[in-house]
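Working notes, structure below.
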Amino acid sequence: MSDLAVDRSIDRSKMTVSDEVAIEISNMNKWYGAFHVLRDINLTVNQGERIVIAGPSGSGKSTLIRCINRLEEHQAGRIIVDGTELTSDLKNIDKIRSEVGMCFQHFNLFPHLTILENCTLAPIWVRKTPRKEAIETAMHFLEKVKIPDQANKYPGQLSGGQQQRVAIARSLCMKPRIMLFDEPTSALDPEMIKEVLDTMIELAEEGMTMLCVTHEMGFARQVANRVIFMDQGQIVEQNEPEEFFNNPKSERTKLFLSQILGH
Amino acid sequence: MTTLTDPPKESFRLSMLIYDTRYRSMTIQVIAMIGFLVLFGWLISNTAQNLQALGKEPSFRFLSEPAGYDINQRLIDYNSQATHLRAAFVGILNTLLVAVLGCITATVLGVIIGVLRLSKNWLVSRLMSVYVEMFRNVPVLLWIVLIMAILIETLPAPRAFRGAEPEATMKLFDTVAVTNRGVYVPEPLFSNSLGNISFFGEHSLRFDISLDLLAFLAALILGLFIRSKINARANALQESTGDRPRTWHLNLAAIVVPTGLVLFALGFHLGYPELKGFNFKGGTHMRNSLIALWLALSLYTAAFIAEIVRAGILAISKGQTEAASALGLRPNRTMSLVILPQALRVIIPPLISNYLNLTKNSSLAIAVGYMDLTGTLMGVTMNQTGRELETVLTGMAIYLAISLLISMAMNWYNNSVKLVER
Numbered sequence: 001m002s003d004l005a006v007d008r009s010i011d012r013s014k015m016t017v018s019d020e021v022a023i024e025i026s027n028m029n030k031w032y033g034a035f036h037v038l039r040d041i042n043l044t045v046n047q048g049e050r051i052v053i054a055g056p057s058g059s060g061k062s063t064l065i066r067c068i069n070r071l072e073e074h075q076a077g078r079i080i081v082d083g084t085e086l087t088s089d090l091k092n093i094d095k096i097r098s099e100v101g102m103c104f105q106h107f108n109l110f111p112h113l114t115i116l117e118n119c120t121l122a123p124i125w126v127r128k129t130p131r132k133e134a135i136e137t138a139m140h141f142l143e144k145v146k147i148p149d150q151a152n153k154y155p156g157q158l159s160g161g162q163q164q165r166v167a168i169a170r171s172l173c174m175k176p177r178i179m180l181f182d183e184p185t186s187a188l189d190p191e192m193i194k195e196v197l198d199t200m201i202e203l204a205e206e207g208m209t210m211l212c213v214t215h216e217m218g219f220a221r222q223v224a225n226r227v228i229f230m231d232q233g234q235i236v237e238q239n240e241p242e243e244f245f246n247n248p249k250s251e252r253t254k255l256f257l258s259q260i261l262g263h
Numbered sequence: 264m265t266t267l268t269d270p271p272k273e274s275f276r277l278s279m280l281i282y283d284t285r286y287r288s289m290t291i292q293v294i295a296m297i298g299f300l301v302l303f304g305w306l307i308s309n310t311a312q313n314l315q316a317l318g319k320e321p322s323f324r325f326l327s328e329p330a331g332y333d334i335n336q337r338l339i340d341y342n343s344q345a346t347h348l349r350a351a352f353v354g355i356l357n358t359l360l361v362a363v364l365g366c367i368t369a370t371v372l373g374v375i376i377g378v379l380r381l382s383k384n385w386l387v388s389r390l391m392s393v394y395v396e397m398f399r400n401v402p403v404l405l406w407i408v409l410i411m412a413i414l415i416e417t418l419p420a421p422r423a424f425r426g427a428e429p430e431a432t433m434k435l436f437d438t439v440a441v442t443n444r445g446v447y448v449p450e451p452l453f454s455n456s457l458g459n460i461s462f463f464g465e466h467s468l469r470f471d472i473s474l475d476l477l478a479f480l481a482a483l484i485l486g487l488f489i490r491s492k493i494n495a496r497a498n499a500l501q502e503s504t505g506d507r508p509r510t511w512h513l514n515l516a517a518i519v520v521p522t523g524l525v526l527f528a529l530g531f532h533l534g535y536p537e538l539k540g541f542n543f544k545g546g547t548h549m550r551n552s553l554i555a556l557w558l559a560l561s562l563y564t565a566a567f568i569a570e571i572v573r574a575g576i577l578a579i580s581k582g583q584t585e586a587a588s589a590l591g592l593r594p595n596r597t598m599s600l601v602i603l604p605q606a607l608r609v610i611i612p613p614l615i616s617n618y619l620n621l622t623k624n625s626s627l628a629i630a631v632g633y634m635d636l637t638g639t640l641m642g643v644t645m646n647q648t649g650r651e652l653e654t655v656l657t658g659m660a661i662y663l664a665i666s667l668l669i670s671m672a673m674n675w676y677n678n679s680v681k682l683v684e685r
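Chains as they are written, first to last, in the numbering used here: chain A, 1 to 263; chain B, 264 to 685.
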């Protein structure tokens, strides 16, 4: 595992955390049948925060961020995103989903649509943006992730790293205020991991609120302002990256860190 | 330093035909081809010799001789004095009729059942499972015979409709008569009919096409054309303003107005079946044999199509739905914009083979006395003329042609929805 995400200095001028609350989760619980996946989660995320969620597999970190845009339903507790409470009300769900972007481990691009169509589909059908404007926005973000020349290709014709960058651009086209990343680099070759992390760092530099489930500890050190460690459905420890890596409090965190940083 | 040069040229040896990978496959193919030609030639010469010994030269002259048998179910004019070719033509049209009707109903039923089988409602999905398992695990011949038996045994005879207090009454506001001799439905009639257009004059393959029908189709095509214009305009508006105007009422009018005008001009009215004496007269008579065959083939094939549709939808990874949801697309848009376009490419190839199966299974028609191609050309004609080889070979060629046409059309459609890979 690389300890450093990128070998460049990071521009921290816009990476400021405001007092405005973006996401508030209180006493949230979730079960899969009899299995208690998430236990009493309490988490407040301010606008502009960059949070990395780490933990062993099966600890519930993906489930946690998937609850934030209702890909998973929580059974107890409250989730409030940008002032809107997440309930079974379709209108609330629509509102939250239009403000929260998400990237997946396996990209989940639509293989029957071109890169450009992937990026314009939701703006046209959900935001009701005129097509011309949607295309302009899409090209703007494709340039930002450095693949405007692939706009008319199909996802199957791109490399994994390129596909993940398209997926990021596709989310950005909806102009979200919050971005969720569910292990965005786990399915990629080492070389491609770097290009995707680069894109994510640029996003952080612009002040995007980010929640990122990842095993890239270099990224966590350089970019995150808070690292959350989860185990068995609970938040075990959360701290600033410096403190978290150099001075972990719980035994479970120490063991986890020694295992992933040990070699 | 060494330089690589071309390997030394080997001179050709006979053993290379077997051991050299460059020639090996060619050698095997040549041997197989020779073997096949020898076998085929032997079959043909053997058949020809045996037929000669029996005094039966292969000949297709019987096709222009009078058939001498009646066919009750027919789409074109025919009587027992017509030729065997005419009888075969009646059979082909009957085969096509039941195949087309069957493919349409099987697809509609299959898609509904396939989607419902994925329903979260426990009762609905289980009921659909029972349907699928019941129909696909029993030979279709048994379903045909069973449905025929049910129609004949349980439905009232025409005489039950007679009298002041009849045992049976006509359905749907007295327009449809369901009897054990078949179903009588209203027929379309035109008081200002344009007549028919005839093809092939007095030839055995002659047929008429109603000009009224053509006029109706022309109006329908005009309506569809207007509709596509309306939708193109709606798309343009959506592109420039983002909002898609409501178009369903315009779309409806575009179809209804032209066709309605044509029907009105032609003096369209329905001819209702009426009980006259011991039987119904008027209306279109759908024979039990057609209904039983059509129903059984549709119900049976629908079970297979349902499984194909279900598999097609399940084959699209859950990630696609999740990505669409995360972008804010509602489930119905997700289905129409993301899932179905991808599912189609999984669904179509097996769907083609089910259409072909249905068409070929229609040859079981003879079990209920529906005179299709098998019943006429390879049934009565073969028995009367003793031309087994000629009739069977012709029949096979016709089924082959029909099947190839179906696959060609469907493959063309499949290519248009295929995914682009690297």
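Idealized CB from N, CA, C, for every residue including glycine.
From a predicted model like this one, the values you see are computed outputs, not experimental measurements.
Below-9 Å beta-carbon distance, residue i vs any chain B residue
i, result
"A:S98", "yes"
"A:K61", "no"
"A:L38", "no"
"A:V145", "no"
"A:F104", "yes"
"A:M174", "yes"
Closest residue to residue i among the options (Cα-Cα distance)
i, options, result
"A:V52", "A:T16, A:E251, A:K254, A:E240", "A:E240"
"B:D340", "B:I611, B:S467, B:V643, B:A517", "B:S467"
"B:S278", "B:L668, B:A555, B:R287, B:P271", "B:R287"
"A:T114", "A:C103, A:D89, A:Q157, A:H74", "A:Q157"
"B:Y618", "B:Y563, B:T648, B:N514, B:L603", "B:Y563"
"A:R252", "A:P190, A:S9, A:V236, A:L90", "A:V236"
"A:M210", "A:R12, A:G218, A:A224", "A:A224"
"B:R509", "B:S503, B:V519, B:R496, B:I518", "B:R496"
"A:N42", "A:I23, A:G48, A:T185", "A:I23"
"B:S755", "B:L487, B:A431, B:L529, B:S552", "Residue 755 of chain B lies beyond the residue range present for chain B, which begins at 264 and ends at 685; the question has no answer from this structure."
"B:S491", "B:G658, B:D475, B:L515, B:L477", "B:L515"
"A:S98", "A:V126, A:I135, A:I80", "A:V126"
CB contact below 9 Å: residue i versus chain A
i, result
"B:P604", "yes"
"B:T510", "no"
"B:V572", "no"
"B:R685", "Caution is warranted here: a pLDDT of 45 is assigned to B:R685, below 50, making its placement in the model unreliable, and the coordinate value is therefore given only provisionally. For B:R685, the answer is yes, since a Cβ of chain A falls inside 9 Å of its Cβ."
"B:D506", "yes"
Burial state of residue i (16 or more Cβ within 10 Å)
i, result
"A:Y32", "exposed"
"B:P521", "buried"
"B:N624", "buried"
"A:S171", "buried"
"B:M671", "exposed"
"B:F462", "exposed"
"B:T504", "exposed"
"A:S250", "exposed"
"A:F141", "buried"
"A:K194", "buried"
"A:M1", "Confidence in A:M1 is poor, its pLDDT being 43 and thus under 50, which makes the residue's placement unreliable; the coordinate value appears in the next sentence. A:M1 is exposed by the Cβ-count criterion."
"B:W557", "buried"
"B:L348", "buried"
"B:R573", "buried"
Residues that residue i bridges to, as DSSP identifies them
i, result
"B:G534", "B:E450"
"B:S473", "B:N459"
Coarse secondary structure for residue i, derived from DSSP in three states
i, result
"A:R226", "strand"
"A:E242", "helix"
"A:F107", "coil"
"A:T87", "coil"
"A:I10", "coil"
"B:I615", "helix"
"A:M217", "helix"
"B:F323", "coil"
"A:Q47", "coil"
"B:I291", "helix"
"A:S2", "In this prediction, A:S2 has a pLDDT of 46, which is less than 50 and means its spatial position is unreliable; what the coordinates show is noted afterwards. Here A:S2 sits in coil by DSSP."
"B:F275", "coil"
"B:Y676", "helix"
"B:M671", "helix"
"A:I140", "This sequence places His at residue 140 of chain A; Ile is not what is there. Here A:H140 sits in helix by DSSP."
Residue i beta carbon near the ligand SAH (any heavy atom closer than 8 Å)
i, result
"A:I135", "Because no ligand of any kind appears in the structure shown, any question about the ligand SAH cannot be addressed here."
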